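Student:
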Amino acid sequence: MTVDQAPVRARRLRTARTGWTGLVVVAALVVGGGLLYDAVAVRTGHRARPWRAETADRLATVHLDDPVVQISAGAAVLIGALLLGLAVAPGMRRWLPLRQPGAVIDRAGVAALLTRRARQLDGVSWVKIKVRRARTRVTVAGPADPAEVQRELRTELARVPLAGEHRLDVRTGRARR
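Everything in the sequence shown is counted per this note's numbering, starting at 37 for the first residue and increasing by one.
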């Protein structure tokens with residue numbers, strides 16, 4: 037990083053599902069809060085709200101083969117499937133933000149770039165790289181000088197315009213068999 041390139045405070049990446057999650061949480065709080073208020077009111081000796089009494093009477097008389105019940109159950113299943121799909125969908129954790137707003141790079145790409153450079157160095161027989169959000173941990177094995185490896189990898193990492201500070205830790209280890 038040169039002197040004229042000050043580190044940019046990188047905002048955490050958010051997925052498109054964040055808005056949907058907020059909407060579901062607000063809806064659940066409103067509905068749950070209303071039900072809780074009415075349940076507490078009934079337990080403290082007050083009468084149930086008219087909407088609750090009407091709903092209880094209607095549910096006591098409606099049959100399972102009623103189209104309204106079937107449509108409501110189908111809608112509940114679809115909403116549940118949508119929420120389940122959003123819950124297991126991959127998020128944005130594998131991406132690192134770049135200096136240019138909205139630009140990102142895959143962590144595996146940064147790891148591959150550093151791995152390729154480390155294997156080009158003399159004396160490196162084995163390398164393992166773990167790229168995280170604010171730190172990259174490199175473990176090398178072989179007779180290579182760790183300070184030289186760190187210098188070369190820091191130069192290579194500086195070519196990637198990452199937003200914010202990014203630490204590079206180089207460690208020595210034993211080669212896997």
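For glycine and all other residues, C-beta sits at the position ideal for the given N, C-alpha and C. Here the structure is a predicted model, which means the values were calculated and not measured.
1. Can you tell me whether Arg-203 is buried or exposed? The criterion is at least 16 other CB atoms within 10 Å of its CB, across all chains shown.
2. Of the residues Gly-55, Val-60 and Gly-200, which one's Cα is nearest the Cα of Gln-136?
3. How would you write the range of the alpha helix (DSSP H) that Pro-182 sits in, first residue to last?
4. Straight-line CA distance for Pro-197 to Leu-132?
5. Check whether the Cβ of Ala-125 lies closer than 7 Å to any heavy atom of the ligand COA, and answer yes or no.
6. Roughly how many whole angstroms lie between the Cα atoms of Ala-84 and Asp-142?
7. Could you check what DSSP says for Arg-171 in three-state terms: helix, strand or coil?
Tutor: So, from the listed chains and residues:
1. Residue burial annotation: Arg-203 is exposed, with fewer than 16 other C-beta atoms found within 10 angstroms of its C-beta.
2. Gly-200
3. 182 to 194
4. 10 Å
5. The ligand COA is not among the ligands present in this structure, which contains no ligands whatsoever.
6. 55 Å
7. strand
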